[in-house]
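Data first, discussion second: the structure below is written as structure tokens.
2 protein chains.
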Amino acid sequence: MGKEGKGNFQLKTPKGTRDWSGTDVVLREQIFTTITNVFKRHGGVTIDTPVFELKDTLTGKYGEDSKLIYDLADQGGEICSLRYDLTVPFARFCAQNAVQNIKRYHIAKVYRRDQPAMTKGRMREFYQCDFDIAGQFDPMLPDAEILRIVKEVFEELPEWKGKFTIKINHRKILDGIFQICGVPEDKIRTISSAVDKLDKSPWEEVRREMVEDKGLAPEVADKIWTYAQLKGGKDVVEKLQAMPEVVANESAKQGLENMALLCDYLEIFDVMPALSVDMSLARGLDYYTGVIYEVVTEGSAPSASTKDVAKKEKKQKKSADPDEDRSNDPTIGVGSVAAGGRYDELVGMFSGKPIPCVGISFGVDRIFSITKARLSESQALRPTEVDVFIMAFGGGKEFTGMLPERMAVAKQLWDAGIKAEYLWKTKPKLQNQFKAAENGKVPWAIILGEDELKAGKIKVKEMGLPDGHPEKDGVVVEKAKLVEEIQARLSGKASLPDRTV
Amino acid sequence: MGKEGKGNFQLKTPKGTRDWSGTDVVLREQIFTTITNVFKRHGGVTIDTPVFELKDTLTGKYGEDSKLIYDLADQGGEICSLRYDLTVPFARFCAQNAVQNIKRYHIAKVYRRDQPAMTKGRMREFYQCDFDIAGQFDPMLPDAEILRIVKEVFEELPEWKGKFTIKINHRKILDGIFQICGVPEDKIRTISSAVDKLDKSPWEEVRREMVEDKGLAPEVADKIWTYAQLKGGKDVVEKLQAMPEVVANESAKQGLENMALLCDYLEIFDVMPALSVDMSLARGLDYYTGVIYEVVTEGSAPSASTKDVAKKEKKQKKSADPDEDRSNDPTIGVGSVAAGGRYDELVGMFSGKPIPCVGISFGVDRIFSITKARLSESQALRPTEVDVFIMAFGGGKEFTGMLPERMAVAKQLWDAGIKAEYLWKTKPKLQNQFKAAENGKVPWAIILGEDELKAGKIKVKEMGLPDGHPEKDGVVVEKAKLVEEIQARLSGKASLPDRTV
Numbered sequence: 002m003g004k005e006g007k008g009n010f011q012l013k014t015p016k017g018t019r020d021w022s023g024t025d026v027v028l029r030e031q032i033f034t035t036i037t038n039v040f041k042r043h044g045g046v047t048i049d050t051p052v053f054e055l056k057d058t059l060t061g062k063y064g065e066d067s068k069l070i071y072d073l074a075d076q077g078g079e080i081c082s083l084r085y086d087l088t089v090p091f092a093r094f095c096a097q098n099a100v101q102n103i104k105r106y107h108i109a110k111v112y113r114r115d116q117p118a119m120t121k122g123r124m125r126e127f128y129q130c131d132f133d134i135a136g137q138f139d140p141m142l143p144d145a146e147i148l149r150i151v152k153e154v155f156e157e158l159p160e161w162k163g164k165f166t167i168k169i170n171h172r173k174i175l176d177g178i179f180q181i182c183g184v185p186e187d188k189i190r191t192i193s194s195a196v197d198k199l200d201k202s203p204w205e206e207v208r209r210e211m212v213e214d215k216g217l218a219p220e221v222a223d224k225i226w227t228y229a230q231l232k233g234g235k236d237v238v239e240k241l242q243a244m245p246e247v248v249a250n251e252s253a254k255q256g257l258e259n260m261a262l263l264c265d266y267l268e269i270f271d272v273m274p275a276l277s278v279d280m281s282l283a284r285g286l287d288y289y290t291g292v293i294y295e296v297v298t299e300g301s302a303p304s305a306s307t308k309d310v311a312k313k314e315k316k317q318k319k320s321a322d323p324d325e326d327r328s329n330d331p332t333i334g335v336g337s338v339a340a341g342g343r344y345d346e347l348v349g350m351f352s353g354k355p356i357p358c359v360g361i362s363f364g365v366d367r368i369f370s371i372t373k374a375r376l377s378e379s380q381a382l383r384p385t386e387v388d389v390f391i392m393a394f395g396g397g398k399e400f401t402g403m404l405p406e407r408m409a410v411a412k413q414l415w416d417a418g419i420k421a422e423y424l425w426k427t428k429p430k431l432q433n434q435f436k437a438a439e440n441g442k443v444p445w446a447i448i449l450g451e452d453e454l455k456a457g458k459i460k461v462k463e464m465g466l467p468d469g470h471p472e473k474d475g476v477v478v479e480k481a482k483l484v485e486e487i488q489a490r491l492s493g494k495a496s497l498p499d500r501t502v
Numbered sequence: 002m003g004k005e006g007k008g009n010f011q012l013k014t015p016k017g018t019r020d021w022s023g024t025d026v027v028l029r030e031q032i033f034t035t036i037t038n039v040f041k042r043h044g045g046v047t048i049d050t051p052v053f054e055l056k057d058t059l060t061g062k063y064g065e066d067s068k069l070i071y072d073l074a075d076q077g078g079e080i081c082s083l084r085y086d087l088t089v090p091f092a093r094f095c096a097q098n099a100v101q102n103i104k105r106y107h108i109a110k111v112y113r114r115d116q117p118a119m120t121k122g123r124m125r126e127f128y129q130c131d132f133d134i135a136g137q138f139d140p141m142l143p144d145a146e147i148l149r150i151v152k153e154v155f156e157e158l159p160e161w162k163g164k165f166t167i168k169i170n171h172r173k174i175l176d177g178i179f180q181i182c183g184v185p186e187d188k189i190r191t192i193s194s195a196v197d198k199l200d201k202s203p204w205e206e207v208r209r210e211m212v213e214d215k216g217l218a219p220e221v222a223d224k225i226w227t228y229a230q231l232k233g234g235k236d237v238v239e240k241l242q243a244m245p246e247v248v249a250n251e252s253a254k255q256g257l258e259n260m261a262l263l264c265d266y267l268e269i270f271d272v273m274p275a276l277s278v279d280m281s282l283a284r285g286l287d288y289y290t291g292v293i294y295e296v297v298t299e300g301s302a303p304s305a306s307t308k309d310v311a312k313k314e315k316k317q318k319k320s321a322d323p324d325e326d327r328s329n330d331p332t333i334g335v336g337s338v339a340a341g342g343r344y345d346e347l348v349g350m351f352s353g354k355p356i357p358c359v360g361i362s363f364g365v366d367r368i369f370s371i372t373k374a375r376l377s378e379s380q381a382l383r384p385t386e387v388d389v390f391i392m393a394f395g396g397g398k399e400f401t402g403m404l405p406e407r408m409a410v411a412k413q414l415w416d417a418g419i420k421a422e423y424l425w426k427t428k429p430k431l432q433n434q435f436k437a438a439e440n441g442k443v444p445w446a447i448i449l450g451e452d453e454l455k456a457g458k459i460k461v462k463e464m465g466l467p468d469g470h471p472e473k474d475g476v477v478v479e480k481a482k483l484v485e486e487i488q489a490r491l492s493g494k495a496s497l498p499d500r501t502v
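These protein sequences, in sequence, are chains A and B.
Going by my numbering, the first sequence opens with residue 2, and the numbers climb by one from there.
Going by my numbering, the second sequence opens with residue 2, and the numbers climb by one from there.
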């Protein structure tokens, strides 16, 4: 990056953006495909909204982070801005089209004019990958479906099975607990933000913030701590339901009933083993109204001594938007890899008619980085999907290069849908053809020899076999049966029995 | 669109943009998948570049159409613009990374602040779908591969097989012919643009433009016409090669040798039947240096009386960029559905080191519109991919709704990767469940009955069977074998033989 081109021209992408290419883009596409397959399994439909919206559409949705919105230049006509997330465009879409219910997914880039930190993975252009359910349904059924989707995604991503935890809480339980503890109504949101830091800061630091910075009575703070430490499975819900002061609070009571029902559903869906009901989870965004959740993984949770972290936290003013905290500093972990919750009021901000919504956003950039690190230890990605490289064997003055013959074989394979390449040289050296196949990690070679071809035969060779393997030099097959032979080998079946070895 | 929201707020997408949803987005995704599969079959790798580039990167690449570029507001820092096409970012990528060779595809949105004509399909945000090959190879081999890709794409798109023609010409042949006819060197580009109108205007009108507007001698124009009428297969190349004055021209001679070789290769690849060597094809863009081609289809070629068209042409100043001519006016056709050519100099504009390139851009918006029109006559698209809808059968006071049972079946199917839904109601009416399945065009229903379930049985029903069909009311199968049963039915195999009818 930053290489100079002709003259004074800077040959680079804009600050905070990057090109994706090579095996990085291959892996990212695999992640998208895995996630999309899960979304489709649950009846998801995709929508595609414009990359920019009327500026008014975004105004008043992001609080002080509105300053991070990219505006288009005023070139006459409407004033527009690049989208900041996919949720507000989704709410605009629902309101504009008076959508009654939808399960929609959207995988697309969003834009934030933040101070980029490329090494930490904080970019100005990055992908979001959202699934949201809008509509009026019986309680906790869409919520359960979302959490089942989360489980399927992380079980199906390579190297994630068994390595993730879904932390869950409920805004109504939290609000109820704050009331019970005696937090004044106007301090509930700010105290909630303080509680949300408990995954990164020790209690002493959070307590100090509550008492010194936010003016909470110390005994109220200490009471919050007795609840905030609760975490576990459904037992946490039952424990709270057994506390008379808790169920006496209407908000907490309702939230706990919701959570108990959700746990029943998640029991059926086999999601409970991955779940952690966690009273210290609060989430930053104001618009959540029900369940809230985030997914953490090995290496995404904080790993440094809590004191160091507390110091860092003090120095860095934390952004109000939880997604902004995309630090990859290994001493503090990367934060959550997916997060979401129920937000029943957002669509109403556009149309005046609220539609209940619940959703999840997968942080594909973080998921990509972690997956890449885990994979690189075990397996290498193929840069292309080409399965067969067609080569000509020969040399010397007599060697024609067999270009028409290689092209004819390529055509035959393409006609059958097989991914195949050959070298664009009339007389290629065998060595260069092997090199090209190896560079592309192509698993199979077809090698044409003039004598064999005259006899209607063709050689098929698996690349990368160890010395001494009986098929190291390839096997000779009938040219007429080439496609079936290759298809059998690609589908992992034993090759055709009647081939000539 | 244009509905009013709360207060003065306008609930709409920006001018010239639209949301994609419903079966439109399903069909468009199918088109993307078909095209991507072909690209991958030929070893294509994708790259993803930022949606905006440094303004300097785009400057000086689009001539007078530069005024259509969207700029980002100056909010401090670098000055950026939204990409206008995918070709210039690709050239920037190749130069920046000193790419020696690549087969890259890129499917993404581009932005042009043109006067939108939504009914004609001319949008300010639209998709391009490009495949380009960069690198030094033996002559015409990458060019042949691109044209084979074009053939495969249009043969595999639904309702396109046999309905497209690839028009092809070569800049060097054209330039040679112009020299032979006596076109002054400084008029070659502008006369070339006039010739390019022959697909929409009659010769009389093009001749008038050449002579009256562009000051060409009438006998020169008439000589051009003798060549411009030539069209056909390889015979056109042979006819020109048999003309002594043509082969005496070095440029024409080289171009014809190229074309003859390309035709030999396309013969092997079975592309010739779809090809029309057409001496009236010139293409607008300046940067082409070798073969040029465009794909036309029934309904994309002009259909009105040529006089009317000529009048229209006179009124509308034609844009210098051929992609701009996206009119859907049925009297003049939609123009080409894919176009491209060889451009050996563009990368050199960035790095000073030219890399030979050849490419194709598919006009997915046009392809979408034509495919949609053709499909709507015969078949309906499914809005989701859900294969199974799980229902509870029952009613009256005793009816529990069997929610846990429906959820358990859903889990069982999801675990097996089967796409399934159920109604998010604790006690749904059977009628509403059928309605939901019908609305989603879900092909299969699983119907739970309390008595059957107790006996370990479950009913499977194909939706939409005609009255009198033996399986109209469904078939009862073992609950334990449900997944195999569904998988067998979805894979199109006969259902398992041992099921209970």
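Built from N, CA and C at the ideal position, the CB exists for glycine as well.
Computed from a prediction, not measured in an experiment: that's the story for all the values here.
Beta-bridge partners of S82/A (DSSP): E54/A and D72/A. A residue is called buried once 16 or more other Cβ atoms fall within 10 Å of its Cβ, and H470/A, having fewer, is exposed. Secondary structure of F138/A (DSSP, three-state): coil. The beta-carbon distance between A275/B and K152/B, rounded to whole angstroms, is 6 Å. This is short enough to meet the 8 Å contact definition. Taking every protein chain shown into account, the CB of G465/A has fewer than 16 other CB atoms within 10 angstroms, so this residue is exposed. Taking 7 Å as the cut-off, the beta carbon of Q129/A is found closer than this to the beta carbon of S362/A. Under a 10 Å Cβ-count criterion, P185/A is classified as exposed, with fewer than 16 other Cβ atoms of the shown protein chains found around its own Cβ.
As the crow flies, the alpha-carbon of D75/A is around 12 Å from that of L55/A.
Linking A456/A to E386/A through their CA atoms gives a straight-line distance of about 31 Å. With fewer than 16 other beta carbons inside 10 angstroms of its own, A481/B counts as exposed.
Counting C-beta pairs with one atom in each stretch, the stretch 220–237 of chain B and the stretch 170–182 of chain B have three or more that are closer than 8 Å, which means they touch.
Residue range E251 to I269 is occupied by the alpha helix (DSSP H) that includes N259/A. Taking a contact as a CB-CB distance under 8 Å, the pair V292/A and G342/A counts as one, their CB atoms being some 6 Å apart. Sequence-ordered contacts of the stretch 9–24 of chain B with chain A read F10, Q11, L12, K13, T14, P15, K16, T18, R19, D20, W21, S22 and G23 [C-beta pairs closer than 8 Å]. When C-beta distances to chain B are compared with 8 Å, the residues of the stretch 148–159 of chain A below that value are R149 and E153, in chain order. Contact residues of the stretch 397–415 of chain A toward chain B are P405, M408, A409, K412 and W415 (C-beta to C-beta distance below 7 Å). Approximately 16 Å separates the beta-carbon atoms of V247/B and C264/B; this is outside 8 Å, ruling out the contact.
Around the beta carbon of N433/A, a 10 Å sphere encloses fewer than 16 other beta carbons of the protein chains shown; the residue is thus reported as exposed. Between A446/A and M392/A, the C-beta gap is smaller than 7 Å, which places the two residues in contact. Around D115/A, the same chain offers G17, L69, R123, R125 and E325 as residues with beta carbons nearer than 8 Å, after the five sequence neighbours per side are excluded. Cβ contact annotation for P429/B (same chain, cutoff 7 Å, sequence separation greater than five): A393 and G402, in chain order. The C-beta distance from L28/B to T372/B rounds to 7 Å, short enough to meet the 8 Å contact threshold. The shortest CA-to-CA distance from H171/B to any of P384/B, G61/B, L262/B and D133/B is the one to L262/B.
One finds nothing in chain B with a Cβ atom closer than 8 Å to the Cβ of P117/A; even the nearest lies about 10 Å away. Chain-ordered, the chain B residues with CB closer than 8 Å to the CB of E422/A read H43 and G44. In the DSSP assignment, F91/B falls within the alpha helix (DSSP H) that extends over T88 to Q97. Taken through DSSP and simplified to helix, strand or coil, F400/B comes out as coil.
Around the beta carbon of N250/A, 16 or more other beta carbons lie within 10 angstroms, which makes this residue buried. Within the same chain, Cβ atoms closer than 6 Å to the Cβ of G349/A are found at P355, the five residues on either side in sequence being excluded. The shortest CA-to-CA distance from L199/B to any of R19/B, L12/B, D57/B and M280/B is the one to M280/B.
The C-alpha of F94/A is placed about 8 Å away from the C-alpha of V100/A. In the assembly as shown, P143/A is a buried residue. Its beta-carbon has 16 or more other beta-carbons within 10 Å. The beta carbon of C264/B sits no closer than 7 Å to any beta carbon of chain A. About 13 Å separates the beta carbon of V389/B from that of L424/B, a gap too long to meet the 8 Å contact definition.
The CB of Q432/A never comes closer than 8 Å to any CB in chain B; the least such distance is about 17 Å.
In the structure shown, N170/B falls within a strand segment according to DSSP collapsed to helix, strand and coil.
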